[in-house]
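Structure first, then comments.
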Amino acid sequence: MEMLNDISIQTLVWLFIVVFVLHDLEEIIWVESWIKKNKNKVIHKVPPGFRKQLNNMFNITSGQFAVAVLLEFIIFIPFTFIAAEQGKFFIFLSFNSLFFLHVFTHLGQSLYLKMYTPGVVSAVILVLPYTLYMYSRIISEGLVTWGEVLFSIPVGLLLVPIVLFGHELGRKIVK
Numbered sequence: 000m001e002m003l004n005d006i007s008i009q010t011l012v013w014l015f016i017v018v019f020v021l022h023d024l025e026e027i028i029w030v031e032s033w034i035k036k037n038k039n040k041v042i043h044k045v046p047p048g049f050r051k052q053l054n055n056m057f058n059i060t061s062g063q064f065a066v067a068v069l070l071e072f073i074i075f076i077p078f079t080f081i082a083a084e085q086g087k088f089f090i091f092l093s094f095n096s097l098f099f100l101h102v103f104t105h106l107g108q109s110l111y112l113k114m115y116t117p118g119v120v121s122a123v124i125l126v127l128p129y130t131l132y133m134y135s136r137i138i139s140e141g142l143v144t145w146g147e148v149l150f151s152i153p154v155g156l157l158l159v160p161i162v163l164f165g166h167e168l169g170r171k172i173v174k
């Protein structure tokens with residue numbers, strides 16, 4: 000654990016981009032083939048009210064998904080820079096709060112469906128430890144407070160429309 004404390008805050012902040020890319024690569028690589036293989040099983044396991052919306056989500060290709068990821072990546076870079084290089088953490092913290100919560104959507108999906116879902120492995124192995132350690136470090140070093148962490152959650156949710164727009168853009172750009 001002491002070795003982790005040798006990582007500078009600046010490096011730790013930039014590692015967000017690495018963890019984000021690795022996590023989303025797992026999703027990009029597996030989403031299309033996973034949907035083709037499991038679509039019918041999954042549709043029958045979800046409540047009827049969700050089936051139409053889920054069916055629409057299941058018409059995505061890996062390329063279309065990658066467009067949404069690229070849009071997020073483009074948005075994350077300047078705010079990661081601002082946190083790492085200028086010490087202004089709030090928007091970065093908001094993205095990480097959403098990233099942290101995203102782990103539990105992956106876990107919930109896999110547990111509910113009783114199967115692997117794209118992204119669950121990297122969410123548990125990379126995202127969860129990264130976000131917990133990042134919170135621990137920036138709070139213990141007085142860079143943010145628990146109040147800011149809690150307030151960052153609803154602000155992070157503002158990213159959801161951007162993600163949805165990215166998926167829609169992906170459908171329009173990549174046929």
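Counting in this note's numbering, the sequence shown runs from 0 upward without gaps. All C-beta atoms in this analysis are idealised placements derived from N, C-alpha and C, irrespective of residue type, glycine included.
Quick one: Cα of Trp145 to Cα of Gly169, how far? Residue 145 sits at position 146 when you count from the first residue of the sequence shown. Residue 169 sits at position 170 when you count from the first residue of the sequence shown. About 36 Å.
Buried or exposed: Gln63, going by 16 or more other Cβ atoms within 10 Å of its Cβ? For the purposes of this step, residue 63 is taken as the residue at position 64 of the sequence shown. So Gln63 ends up on the buried side.
Euclidean distance between Cα positions of Met56 and Ile42: Counting from one through the sequence shown, the residue named residue 56 turns up at place 57. Counting from one through the sequence shown, the residue named residue 42 turns up at place 43. The C-alpha of Ile42 is placed about 11 Å away from the C-alpha of Met56.
Backbone CA spacing between Gly118 and Asn54 [nearest angstrom]: Mapped onto the sequence shown, residue 118 falls at position 119. Mapped onto the sequence shown, residue 54 falls at position 55. Each residue's alpha carbon lies about 19 Å from the other.
Helix, strand or coil: which one does DSSP assign to Leu11? By 1-based counting over the sequence shown, the position of residue 11 is 12. Helix.
In this structure, how does DSSP classify Lys174 when only helix, strand and coil are distinguished? Indexing the sequence shown from 1 puts residue 174 at position 175. Lys174 falls in the coil class under three-state DSSP.
Buried or exposed: Asn4, going by 16 or more other Cβ atoms within 10 Å of its Cβ? Position 5 of the sequence shown, counted from the first residue, corresponds to residue 4. So Asn4 counts as exposed.
Three Cβ pairs or more, each shorter than 8 Å: is that satisfied between the stretch 85-100 and the stretch 136-156? Result yes; three or more Cβ-Cβ pairs closer than 8 Å.
For the alpha helix (DSSP H) that contains Ile74, what are its first and last residues? Position 75 of the sequence shown holds residue 74. Per DSSP, Ile74 belongs to the alpha helix (DSSP H) from Ser61 to Gln85.
Rounded to the nearest angstrom, how far is the Cβ of Arg136 from that of Ile8, given a contact under 8 Å? To locate residue 136, count along the sequence shown from 1; it is residue 137. To locate residue 8, count along the sequence shown from 1; it is residue 9. Between Ile8 and Arg136 the Cβ distance is about 7 Å, and since that is below 8 Å, they are a contact.
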